[in-house]
Amino acid sequence: MIADAGGPDRWVAIALAQDVPMAGTRAILLSERELVAWRGADGMVRVWNDRCPHRGMRLSFGFVRENVLNCLYHGWQYVGSGVCQMIPAHPDLTVPPTIRATVFAAVEQDGLVWVNLSRNPTSAPPAIGRVATPVASIAIDRPAATIAADLALFGAWPVSVAAAPGRPELALAMHDTGGRAMLHALMLGDADAAARARAARLVRRLRAALEGGDESVAAVVG
Amino acid sequence: MRTDDLAALDQWYTLGAINDFPVGTTRPAILLGADLSVARPVADRFAVTEADGAPVEAFIEYGHLWVTLGTPERPLFYIPEWREPDRRAVYCGAVRVRASGLRVIENFLDLAHFPYVHTEILGTESEPEVAKYEVERRADTDELWATKCEFYQPKAAASAESGQISQYMYRVVNPFNVMLYKTPPTAPNRWDVVALFVQPVAEAVSIGHPFMLVIDDTSTDAGLIAFQQMIFLQDKIVLENQRPRLLPLQPGRETPTRGDLSSVLYRRWLKEKNLAFGVEERVSVPNA
Chain H
1 MIADAGGPDR WVAIALAQDV PMAGTRAILL SERELVAWRG ADGMVRVWND RCPHRGMRLS
61 FGFVRENVLN CLYHGWQYVG SGVCQMIPAH PDLTVPPTIR ATVFAAVEQD GLVWVNLSRN
121 PTSAPPAIGR VATPVASIAI DRPAATIAAD LALFGAWPVS VAAAPGRPEL ALAMHDTGGR
181 AMLHALMLGD ADAAARARAA RLVRRLRAAL EGGDESVAAV VG
Chain P
223 MRTDDLAALD QWYTLGAIND FPVGTTRPAI LLGADLSVAR PVADRFAVTE ADGAPVEAFI
283 EYGHLWVTLG TPERPLFYIP EWREPDRRAV YCGAVRVRAS GLRVIENFLD LAHFPYVHTE
343 ILGTESEPEV AKYEVERRAD TDELWATKCE FYQPKAAASA ESGQISQYMY RVVNPFNVML
403 YKTPPTAPNR WDVVALFVQP VAEAVSIGHP FMLVIDDTST DAGLIAFQQM IFLQDKIVLE
463 NQRPRLLPLQ PGRETPTRGD LSSVLYRRWL KEKNLAFGVE ERVSVPNA
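Protein sequence lines correspond, in order, to chains H and P. Residue numbers are given in the working numbering: position 157 of the first sequence equals residue 157, and the series is strictly consecutive. Residue numbers are given in the working numbering: position 188 of the second sequence equals residue 410, and the series is strictly consecutive.
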């Protein structure tokens, strides 16, 4: 069980914003930490430890009503700040404010969900700086460090790749899933249906290249 | 790897209902990390051995095969209802769960989850309150009992045709074996017995052997088993997704409420026994 002293002051992209459903949850594995990203009816994304403090049930199995995340096990109700507002087994109990989920700073920007595990995040997520359309998040069966090395010549995350004429230009972000990684791909520039389809194919070729297939990474996105 | 936790070894465990072991066969089984071999050469005889050939003490009771890898302080617990002639014994089928057996037992003791995990069956959201009940540790048998439990249930059992307020009692006979007594829909003056015998395989893997002794003239065996399996599979979703997987006994690690009296007593009892198998090791983090 990971010691929860928070984490480094660093923004990590953990999902495409479109993959965290309205009034829904998404379980995300960041290194060895289980996180839950969820949206209330207000559309705001929150990222918490995926664990209810009652009996440790994963909150990602819970259900969202209005702006409240309800734990599946006993229906404990958590509002957007992480505080538990109601315990159904004891409806007249004023819940002590110490009963709360562990919340992290989360920002939705450029079509990505970013999280910072630091107790005092000082910065803001890096910006893509251009209009970006989400393409896909895909699992890459390689360590995050290896992927970063393979794509290092393109710059810091989120990186822009594929500047060749006629090729879709992608912006890529990534998060470590403990030995493997999730790559989050968006496309820059014109994003009609045909362009998005080309971008999706390019992302799959990139995965094959990163996983050591016949085509090199440079050939795909150089 | 066979555990060396004496508190776990010195207990009685079931390896399953006797019909899980066909006559004339030898089947493998794993208990507390130890590889066992279960031979049933004839109907009423079992020979259980460890991987090195050492014999394992084994006997049949309540239609189940019971073994120990250590030296239990007491004989097997007593279920008087086993001898009542108008009861049906229902063997519900083994279910493997990727969770600590202690989490499985604790879930069995819990009432507050009925409206959420067994919605419109054992509970309903409009009646979520867990009323005060009583708990005690009976010194003579070293068993934990929870009594005077009550809960409104839309469908309390397979034979239920309408909602009822069910009366419950819970009885934990040893760390990995538990049973409850509840009001049968068709015989409000007696108790149905629903037991869960847990076979701890590894610290975070268990096999549940649900078993019932019920008053029911109308349901088929298949109907009774289907009802119980549905309940267990709903609980399995929760059990496999509790973190940490091993049961925390450290204070402050999780947050009990008034309705969790049974589980508070259960955890205290396990701590006094110095049980380690299935228990989370001490961590420096409170409850995050």
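Backbone N, C-alpha and C fix where the C-beta goes; we use that ideal spot for every residue, glycine too.
Near-chain H residues of the region 324-340 of chain P - C-beta to any C-beta below 9 angstroms: R325, E328, N329, D332, L333, A334, H335, P337, Y338 and V339
Straight-line gap, F57/H to T290/P (C-alpha atoms, nearest Å): In the first sequence, the residue the question calls residue 57/H occupies position 57. In the second sequence, the residue the question calls residue 290/P occupies position 68. Note that residue 57/H is Met in the sequence shown, not Phe. Going from the Cα of M57/H to the Cα of T290/P covers about 32 angstroms.
Within chain H, the residues that V352/P reaches when beta carbons sit closer than 8 angstroms: Taking the second sequence and counting its residues from 1, one reaches residue 352/P at position 130. Simply A89 and H90.
For V36/H and W48/H, believed in contact at Cβ under 8 angstroms, the rounded distance: To locate residue 48/H, count along the first sequence from 1; it is residue 48. To locate residue 36/H, count along the first sequence from 1; it is residue 36. At roughly 5 angstroms, the Cβ-Cβ gap stays under 8 angstroms, so W48/H and V36/H are in contact.
Coil, strand or helix - E303/P by DSSP: Within the second sequence, numbered from 1, the residue matching residue 303/P stands at position 81. Three-state DSSP puts E303/P in a helix.
N496/P - DSSP class collapsed to helix/strand/coil: Here residue 496/P refers to the residue found at position 274 when the second sequence is read from its first residue. In the structure shown, N496/P sits in coil (DSSP, three-state: anything other than H, G, I, E or B).
Backbone secondary structure at A3/H - three-state DSSP: Walking along the first sequence from the start, residue 3/H turns up at place 3. Because A3/H carries a pLDDT of 44, less than 50, the predicted location of this residue cannot be relied on, and the following value inherits that uncertainty. Here A3/H sits in coil by DSSP.
Beta bridge counterpart(s) of Q464/P as assigned by DSSP: Position 242 of the second sequence holds residue 464/P. For Q464/P, which the question treats as bridged, DSSP gives the partners M57/H.
Cβ shell of L492/P (< 8 angstroms), same chain only, five flanking positions each side left out: Here residue 492/P corresponds to residue number 270 of the second sequence, with the count starting at 1. Correct list, in chain order: L324, P397, L469, L471 and V501.
Any chain P beta carbon closer than 8 angstroms to H54/H: Here the question's residue 54/H lines up with position 54 in the first sequence. Chain P contact via Cβ: present.
Between the CA atoms of N67/H and A219/H - distance to the nearest angstrom: The residue given as residue 219/H occupies position 219 in the first sequence. The residue given as residue 67/H occupies position 67 in the first sequence. Whole-angstrom Cα-Cα distance: 46 angstroms.
Cutoff 8 angstroms: R46/H Cβ touching any chain P Cβ: Here residue 46/H is taken as the residue at index 46 of the first sequence, counted from 1. It does not; no Cβ of chain P falls within 8 angstroms.
Candidates G275/P, T293/P and F454/P, of which the one nearest D227/P by Cα: For the purposes of this step, residue 227/P is taken as residue 5 along the second sequence, with counting starting at 1. The candidate whose alpha carbon is nearest that of D227/P is T293/P.
Best match in R249/P, A256/P and Y374/P for proximity to P263/P [C-alpha to C-alpha]: In the second sequence, residue 263/P corresponds to position 41, counting from 1. When only C-alpha atoms are compared, the closest one is R249/P.
Pick from K370/P, L366/P, E372/P and D242/P that is closest to N399/P, judged by C-alpha positions: In the second sequence, counting from the first residue as 1, residue 399/P sits at position 177. Selected option, being the one with the closest Cα: L366/P.
Beta carbon proximity, V460/P to chain H, threshold 8 angstroms: Position 238 of the second sequence, counted from the start, is the residue given in the question as residue 460/P. Yes, because at least one Cβ of chain H sits closer than 8 angstroms to the Cβ of V460/P.
is_contact[E476/P, chain H] using C-beta, thresh 8 angstroms: Within the second sequence, the letter at position 254 stands for residue 476/P. Yes - at least one Cβ of chain H is within 8 angstroms of the one on E476/P.
Where the beta strand (DSSP E) containing C257/P begins and where it ends: Here residue 257/P refers to the residue found at position 35 when the second sequence is read from its first residue. Checking the sequence shown, residue 257/P turns out to be Asp, not Cys. Looking at the DSSP string, the run of the beta strand (DSSP E) that includes D257/P is A256 to V264.
Proximity test, Cβ basis, 8 angstroms: A3/H and chain P: Locating residue 3/H in the first sequence gives position 3, counting from the first residue. Note that A3/H has pLDDT 44, beneath the 50 cutoff, so the model's placement of it is unreliable and the number below is only indicative. Yes, its Cβ sits closer than 8 angstroms to a Cβ of chain P.
From D332/P, E351/P and E303/P, residue whose alpha carbon lies closest to that of D92/H: Counted from its first residue, the first sequence places residue 92/H at position 92. Answer by Cα proximity: E351/P.
P466/P versus W288/P - alpha carbon distance: Position 244 of the second sequence, counted from the start, is the residue given in the question as residue 466/P. Position 66 of the second sequence, counted from the start, is the residue given in the question as residue 288/P. If you take the alpha carbons of P466/P and W288/P, they lie about 29 angstroms apart.
Per-residue DSSP class, three states only, for L455/P: What you label residue 455/P is simply residue 233 of the second sequence in a count that begins at 1. L455/P falls in the helix class under three-state DSSP.
Supposed contact pair Y390/P and E372/P - C-beta distance, whole angstroms, cut 8 angstroms: Reading the second sequence from its first residue, position 150 is the one you call residue 372/P. Reading the second sequence from its first residue, position 168 is the one you call residue 390/P. Yes, they are in contact, since the Cβ atoms of E372/P and Y390/P sit about 7 angstroms apart, within 8 angstroms.
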